[in-house]
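Start counting the sequence shown at 14; every next residue gets the next number (our numbering).
We treat Cβ as the ideally placed atom computed from N, Cα and C, and that holds for glycine.
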Amino acid sequence: MLHRQYKNIIIHTSIVRFLQLLNTTKRWHLVSQLRRFLSVQYGDSALLTPGVKSYVNECASLCQPDHIHLCDGSAQESQMLRKVMLKQGTIIPLTKYENCWLARTNPEDVARVESKTFICTDHEEEAVPITPSAKKGVLGNWIAPRDMEQAIQERFPGCMRGRTMYVIPFSMGPIGSPLSKIGIEITDSEYVVESMKIMTRVGNRVLEQLPGDSDQFVRCLHSVGKPKNGNTSVPSWPCDPERTIILHKPGSNDIVSYGSGYGGNSLLGKKCFALRIGSTIAKREGWLAEHMLILGITNPKGKKIYVAAAFPSACGKTNLAMMTPTLPGYKVECVGDDIAWMKFDSQGTLRAINPENGFFGVAPGTAMSTNPIAMKTIFKNTLFTNVASTSDGGVYWEGMEESGFNNVTITDWLGKLWSKQAEKPAAHPNSRFCTPAAQCPIIDPAWEDPQGVPISAILFGGRRPKGVPLVYEARNWSHGVFMGAAMRSESTAAAEHKGKVIMHDPFAMRPFFGYNFGDYLHHWLSMEKRGNVPKVFHVNWFRKGADGKFLWPGFGDNSRVLDWIFRRVSEEDCFVDTAIGYLPSEGALNTEGLKQSVDLKEMFSLPRAFWQQEVIDIENYFKTQVGKYLPKEISNQLDELKNRVANM
Ligand code: OXD
Ligand code: MN
């Protein structure tokens, strides 16, 4: 039985099906009637702008849901949706914690699907570089407008029959900030609604920000879909893995996602809006939408700077953003762990907001020893996905401290009893916690400042087991942009890639570019003319020694690297000039009190053969994947690096 209030805010949409049978004039007339009907039925209908109403109508007539629900963002609404999800078996309560839930997905729907993610523009080269040897999909996938339309028509008509269509008004960024943007997500998944309510700001207060007669919002249509053959093997997690597709049309600010309920494919505010569509809006408006964490760091003298850092998915952004420094007197505060929108203010200072409202972090590896702040954040008001559960109503994943699990049984992410002797992990490697940012104990006091926080340094990094030192600094802005363009990292479980191959992942944006990477580089280079650009650094916590073990302890000890960066931002003369950039001079990295001995010599060594090969690989990548779109400044930077490496 549905909650009474719930019944009040849903409408039957068989009328919409009927509309499709009519000719255009009659349909137009009835659509206007329906619009009036919608505005009367839903909560505070006065808040629905004509643009939102007509988008809702459009989606309803396409998807033909049984009911429509305009989300108001309230706690009461969440209670109601949780009841629905419990009944469907989509979530189970985690009674050990306060207001925590576990969702188990269909095992075929566990990660972002990059190969099925497309950017739609009139001309292919607006979306991706075209070169004779470019491998398909390396820097994104293009789809022609008519093919996008066809993909929609093959999947969406009637896909929400028997389901409720939810309308989620959401703000990316603090409501009302000049840096924020609004989206309307339409979805047939309660899991998506509840996750969006954590990850973004949702509800009527968002609609109030939309100017009366405009449709200035990003249109986000999502359906978990229905397999063609009707086979929903996991009824609690409907999806259509075979026909999953994620489409973006920057020209009209449209996102259309079908077939997957998994976070990055379905919480459309995150990767689809804040990065892919966001980067195209940013290009148009002269700012940057990036796959970056933002943190504030205060030194023992009480001076504070903010840093933004781009690492590929599942490379420790959340851990760095919430770091507990081992260096005495330092304090780190978190603004965001995944996405930064950065724009110069009128003084020429680069200011950043975190457009998100929550953390969608990778669970495995999160522990008191690695990220105690995350552990203090995630055990209330959290929606877990694909972690293992314990018989006392708790959660478990690989890397969590072992103690406390002796007297309980563990059920793995597939719902099967699990033992430590099992060969398969208990939690899926891409299992997640989705938790409100505001409850992070070290959330920065300025994290919702509508003006954003001033950025003094930008870090690029990845998992590089060989050759790449712990930290080095770019010689200037163009060199920094080159460093971002040349980023590489070992693949992780965040997407569908298999095995641990070193992949090029420029700016950690490879899966998230909304437009041609060559144009993106031009845009980054142009930032130097717009304001005071920050210093740029490259970091690598993952270098391994000959014994295969990590050379650097990482986690809280990364504060030692941040300390050096802080001092470089303050122009301290604590560097040496090398072929690849500026490295800490001898003794400049504070290693006092390190709990393990570190082979600094090896960690900072620059093996000539490695760097010669690195330059060849970068050159090859630029040539085959970026071709004529590569800005001259970047190829100059490559030539200069090549010369310096040759003389190493
Ligand atoms: C994420 C990702 O979920 O990058 O943040 O995949
Ligand atoms: Mn990410």
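DSSP-derived helix/strand/coil call for residue i
i      : result
Val247 : coil
Ile391 : coil
Ala451 : helix
Phe169 : coil
Trp490 : helix
Tyr485 : strand
Thr604 : coil
Thr637 : helix
Asp570 : helix
Glu71  : helix
Thr331 : helix
Pro597 : strand
Arg621 : helix
Asn545 : strand
Leu280 : coil
Phe397 : strand
Cys76  : helix
Leu534 : helix
Gly225 : coil
Glu585 : coil
Lys429 : coil
Lys356 : strand
Lys96  : helix
8 Å CB neighbourhood of residue i in its chain, flanking five on each side removed
i      : result
Leu427 : Arg117, Pro120
Glu632 : Leu651, Lys655
Pro170 : Leu75, Cys76, Gln77
Val151 : His517, Arg523, Gln638
Top-ranked residue by Cα proximity to residue i, from the options
i      : options                        : result
Ala365 : Glu486, Asp586, Phe568, Trp460 : Trp460
Thr12  : Met522, Pro254, Ser402, Thr62  : Outside the shown range of the chain (14 to 661) lies residue 12, about which nothing can therefore be said.
Ala592 : Ile578, Lys608, Gly600, Phe617 : Phe617
Asp350 : Lys437, Leu281, Ala451, Tyr271 : Ala451
Lys562 : Arg477, Gly186, Glu411, Gly640 : Arg477
Val126 : Val180, Ile195, Asp228, Cys285 : Cys285
Met98  : Ile423, Asn154, Val205, Lys557 : Val205
Gly153 : Lys100, Leu260, Thr213         : Leu260
Lys433 : Tyr343, Tyr409, Phe446, Arg657 : Tyr409
Residue range of the unbroken beta strand (DSSP E) whose run includes residue i
i      : result
Phe588 : 588-590
Met516 : 515-517
Trp672 : Because the chain is modelled from 14 through 661, residue 672 falls outside the range shown and cannot be assessed.
Val269 : 267-271
Ala323 : 317-323
Ala365 : 363-366
Leu472 : 466-474
Arg501 : 501-503
Own chain partners of residue i with C-beta closer than 7 Å, once the 5 adjacent residues on each side are dropped
i      : result
Ser598 : Cys587, Phe588, Val589
Met173 : Cys76, Gln77, Pro78, Asp201, Ser236
Val574 : Leu483, Val484, Val552
Trp565 : Leu483, Trp554, Arg556, Val611, Met616
Asn571 : Leu333, Met336, Trp554
Host alpha helix (DSSP H) of residue i (start-end)
i      : result
Arg218 : 217-220
Ala439 : Per DSSP, Ala439 belongs to no alpha helix (DSSP H) and is neither H nor E.
Ser292 : 291-298
Glu207 : 203-212
Ala659 : 645-659
Leu260 : Careful: Leu260 lies outside any alpha helix (DSSP H), inside the beta strand (DSSP E) at 258-262.
Lys614 : 613-616
Own chain, CB closer than 6 Å to residue i, minus 5 neighbours either side, in chain order
i      : result
Thr37  : Low confidence applies here, because Thr37 scores a pLDDT of 48, under 50, leaving its location unreliable and the question unanswered by this model.
Phe473 : Ala323, Met496, Gly497, Met500, His551
Cys72  : Ile199, Leu234
Lys389 : Pro454
Lys317 : Gly309, Thr311
Thr379 : Ala387
Pro313 : Gly342
Are at least three pairs of beta-carbons, each pair with one atom in the segment 491-502 and one in the segment 642-653, less than 8 Å apart?
-> yes
Would you say the segment 237-246 touches the segment 93-108, given that touching needs at least three Cβ pairs under 8 Å?
-> no
Can you find at least 3 beta carbon pairs, one from the segment 335-347 and one from the segment 381-393, that sit closer than 8 Å?
-> yes
Does the segment 285-293 come close enough to the segment 478-492 to have 3 or more Cβ pairs within less than 8 Å?
-> no
When the Cβ atoms of the segment 143-154 are set against those of the segment 270-280, are three or more pairs found closer than 8 Å?
-> no
Stretch pair the segment 438-454 + the segment 517-537: three plus CB contacts closer than 8 Å = no
Who sits around the ligand FMN, taking every residue whose Cβ is closer than 5 Å to one of its heavy atoms?
-> In terms of ligand content, the structure shown lacks the ligand FMN and carries the ligand OXD and the ligand MN instead.
State whether the segment 599-607 contacts the segment 539-550, with contact taken as three or more CB pairs (one from each stretch) at a distance under 8 Å.
-> no
For the 8 Å Cβ check, are there 3 or more pairs between the segment 256-267 and the segment 98-113?
-> no
Would the segment 58-66 and the segment 222-233 be scored as touching if the rule is three or more Cβ pairs under 8 Å?
-> yes
Would you say the segment 414-429 touches the segment 179-190, given that touching needs at least three Cβ pairs under 8 Å?
-> no
With a cut-off of 8 Å, do at least 3 Cβ pairs link the segment 639-649 to the segment 520-536?
-> yes
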